[in-house]
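Chains B and Z, in that order, give the protein sequences. So for the first sequence, the numbering used here puts the first residue at 1082; every next one is plus one. So for the second sequence, the numbering used here puts the first residue at 42; every next one is plus one. Beneath this line is the structure, given in C-alpha cells, with notes to follow.
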Amino acid sequence: MAYLDINHVVRKFGGLVAVNDITVGLEQGEIFGLIGPNGSGKTTLFNTINNYYPANSGEIIFKGIPITRMSTHEICRLGIGRTFQVVKPLKRMTVLENVMAGAFLRTNSATKARDKALEIVDFCELMQRKDMPAKSLPIADKKRMEIARSLAGDPELILLDETAAGLNLKEIDAAMVIVKKIRDKGITCFVVEHVMKFLMGISDRVMCINFGAEIARGTPKEMSRHPEVIKAYLGEEYVKGK
Amino acid sequence: MAKKSWFLPAILGIVAIALPPFLGGYFQHILILVMMWVAMATGWNLLGGYCGQASLGSAAFFGLGAYGAGMLYLHWGISPWWGVIAGPLLAIVVAIPIGLVTFRLRGGYFVLSMLAVCETIRIIFLNWVEMSAGPLGIVIERTWGMEKLPYYYMVLAIAALSLYVVYRLMKSKFGYYFVSIREDQDAAEGLGIPSTKYKMYALIPCAGIIGLAGAFYMNYMAFIEPNTVFPLIISATMILSVMLGGPGTFWGPALGATIFVLLSELLRAFAGPVIGTIHYLIFALILVLVIMFLPNGIAGEGDKIKRLFRGKKPVYVGGE
C-alpha cells in the first residue's frame, strides 16, 4: 500500500464529472506532479483529498488511515498541509501571525508558536517581510507565505496548488529551491502545476489528467514527449507534426 | 494584538476608581451606564469583532443574564446578587445549543438567525408567565436603596473583568484562531483549525460577559420585563458601540461605548425635551459617517485620524 492512496475517486458537480475515477498512489518522500489543461480537475482532486468537497465515491487512504469522511481540520492534524491556487492569506494579520496560526496546530503556547513560526519564516526566506500585513505582499510572497503557514503545522505531506502560477522566471527558480528544500526535510510533495519548467525541474513522477481522468503517467521527460499529453495541451495536429 | 503601554490604562483606572465619590448621583448613574456598556461592547467584540461572527441577537444573553438573577428571587426568594453567577451561567447554557445550530450558517444568514433566536426568547419570556412573570416583570428591592456608589464599583469590576478576559484570550492561541476564522474560514480549516469549535470558544465568554452585565442590570434597575431586556435596540447598541470604536481592536469597544452613552445622555438632556428620541437619528447619521470614512472605527483608524489633523497625505508602503 502506498503512502497516500487515492482509489477510484469520483467527484461530480451536477452533471459535470470533475474528477473521474482517479487512482494513484504516492510514495513517501517523493515529489509527485499533477498536470493537465485548465478545468481538467486538478484543484478539485486536491479539494477532495482534504475534503473541501467530499468525494462522491472512491476512497482516500493516508498512512493506512481512511480519510475520505474526515473533516478538513482533522485531515490537516493528521499531517496533510496545503496551499491554495487562489491565495487565501489571512489578510489583516501580519506574515508572522499567519505562520503562527499554522504553528498553533502542534502547540498551545504562544511563545513556542512564535519560535516555530520565526524558524519557518526564515526557512522560506520571508524574514524581511515578517511584520507586513499579509494583504500588502506581492503575489510571489503571498504564495511563499502560504507554504510557510502550512509547513508551520509540521505536515508529512504537502499539497502545493500552482505555486509557480503568476510568478516571473526568477521567482519560479526561488520557488523551486524551496520545494526541493521541503522535500529534503522528508516531506512528501504533491504538486499541481501549469508551469512546465517548474514541474520538469523538480518532480520524480508526473501524472497528466484531462476531463477529470488520467491520460498518462511517467517521468517528467517521458511526459513531455507523450502524444496524449501533447494532444491535450496543444491539439491533434502537433502530435503528427512532431 | 497591538502592544500598548500600560501608562494610559493605569491613569484611566485610577481616575475611574478615585473620581466617582466626588460626583453627584446623576453623573454616577451615567458612569454606571458607561461601564455596563463597556463590558457589553467588549464581550460582543470578542465574537463579533475578533471572530467575525457579528450577532444581531446578543440582547438574548443580556436578558437571560437579567432573568437568571431575577428568577432566583421570583421563585425562591434568593438574593439576586447570586445572579452574578446564575445570570452568566443561564446565558452560557442557552448560548451553547444556539451556537451549535447557528454557527453552521455564514455571513448574513448567521446575523439573521441570531436576530430570530433573540426575538424567540423574548416572546417566550413574555408569554411563559409561570416561569418569568411575563409582561408584569420582576421587581426586587434594591440592596443599597438610592445609593449609587456601591453599584458603580460593582460594574467597574465587571467592566475590568471583561477587558481582562478578552485581553488574555487574545494573547493566546484562542486569539490567533479567532482572527484566522474571521479572515478566511476555509483557509483556517485548511490550517487545521476546527472553526465551529473555536466559534463556540468565542461565544461562551461573550455570552458570559453580556449575561453578567444583564445580572448587574437586574440588581441596579430593580425592575425588568421582557421588552426592556430583550429588545433589538440593546443588540444594536452593542454593535454601534463596537463599530464606532473599532471592531477587532482591544480598546475600541470601550471607547465606542463611552462615546455612545455620553452622547446619548447629552442629546437626551438638551434636545430631548424638544424633539424626543432624536438621539437615535443622530446616531444613525454618525454611524453612516463612521462606516464611510472610518470603516475600522476610531481605534482601528488611529493613523488616518492623526493624518487628518496634521493635514498630511497618506504614506503608502510599496511592495518591493
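No residue lacks a Cβ here, since even glycine has one placed at the ideal position from N, Cα and C.
Using a Cβ-Cβ cut-off of 9 angstroms, residue 182/Z does not count as an interface residue toward chain B, since no Cβ of chain B sits closer than that to its own.
Secondary structure note for residue 92/Z: it is in no beta strand (DSSP E), with a DSSP letter that is neither H nor E.
In the DSSP assignment, residue 1252/B falls within the alpha helix (DSSP H) that extends over 1250 to 1265. With fewer than three CB-CB distances shorter than 8 angstroms, the segment 44 to 60 of chain Z does not count as touching the segment 229 to 245 of chain Z. Contact annotation: residue 1273/B and residue 1112/B have beta-carbon atoms that are not nearer than 9 angstroms. Note on the segment 1118 to 1179 of chain B: whole beta strand (DSSP E) runs with a minimum of 3 residues are 1138 to 1143 and 1161 to 1163, in chain order. Using a C-beta cut-off of 8 angstroms, the segment 297 to 304 of chain Z makes no contact with the segment 155 to 173 of chain Z, since fewer than three inter-stretch Cβ pairs fall below that distance. Residues of the segment 333 to 346 of chain Z that bring their beta carbon within less than 7 angstroms of a beta carbon in chain B are absent altogether. Closer than 8 angstroms at the C-beta level to chain B, one finds these residues of the segment 227 to 256 of chain Z: 227, 228, 229, 230, 231, 232, 233, 234, 235 and 236. Residues of the segment 1130 to 1147 of chain B with a C-beta atom less than 8 angstroms from some C-beta of chain Z are 1131 and 1133, listed in chain order. Annotation for residue 164/Z: the continuous alpha helix (DSSP H) segment containing it runs 149 to 168. Beta-bridge analysis with DSSP links residue 1113/B to 1271/B and 1286/B. Inter-residue distance for residue 291/Z and residue 1235/B is about 31 angstroms (C-alpha atoms, whole angstroms). Collapsing the DSSP output to three states places residue 1106/B in a strand.
Exposure of residue 1319/B is indicated by the presence of fewer than 16 other C-beta atoms within 10 angstroms of its C-beta.
Taking CB atoms only, residue 120/Z has no neighbour in chain B less than 9 angstroms away.
The C-beta of residue 1266/B has fewer than 16 other C-beta atoms within 10 Å across all chains shown, which makes the residue exposed. In the structure shown, the three-state DSSP call for residue 1086/B is strand. Taken atom to atom, the span from the alpha-carbon of residue 1247/B to that of residue 1166/B is near 10 angstroms. The beta carbon of residue 1301/B is closer than 6 angstroms to those of 1281, 1284 and 1287 in its chain, skipping five residues each way along the sequence. A check of alpha carbon separations from residue 179/Z across 84/Z, 112/Z and 74/Z identifies 112/Z as the nearest.
Here the alpha carbon of residue 346/Z sits roughly 21 angstroms from the alpha carbon of residue 323/Z. Listed by position along chain B, the residues whose Cβ is nearer than 7 angstroms to that of residue 217/Z are 1178, 1181, 1182 and 1185. Buried is the label assigned to residue 235/Z, since at least 16 other Cβ atoms lie within 10 Å of its Cβ. The Cβ-Cβ distance between residue 1087/B and residue 1105/B falls below 9 angstroms. Within a 10 Å sphere around the beta-carbon of residue 1092/B sit 16 or more other beta-carbons, which makes this residue buried. Residue 142/Z does not reach chain B, its nearest Cβ partner there being about 18 angstroms away, counting only Cβ pairs nearer than 7 angstroms. The C-alpha of residue 286/Z is placed about 9 angstroms away from the C-alpha of residue 331/Z.
Contact between the segment 201 to 212 of chain Z and the segment 1143 to 1156 of chain B is absent: fewer than three C-beta pairs spanning the two stretches fall below 8 angstroms.
Rounded to the nearest whole angstrom, the C-alpha separation of residue 107/Z and residue 125/Z is 9 angstroms. Listed along chain B is no residue with a C-beta nearer than 8 angstroms to that of residue 99/Z; the closest approach is about 23 angstroms. Ranked by Cα distance from residue 1251/B, the first of 1264/B, 1222/B and 1120/B is 1222/B.
For residue 223/Z, the enclosing alpha helix (DSSP H) starts and ends at 214 to 224. The Cβ atoms of residue 138/Z and residue 259/Z do not sit closer than 9 angstroms to each other. Counting along the chain, no alpha helix (DSSP H) covers residue 1299/B; the unbroken beta strand (DSSP E) around it starts and ends at 1294 to 1299.
For residue 220/Z, the C-beta contacts it makes with chain B under 9 angstroms involve 1171, 1173, 1174, 1178 and 1182, in order along the chain.
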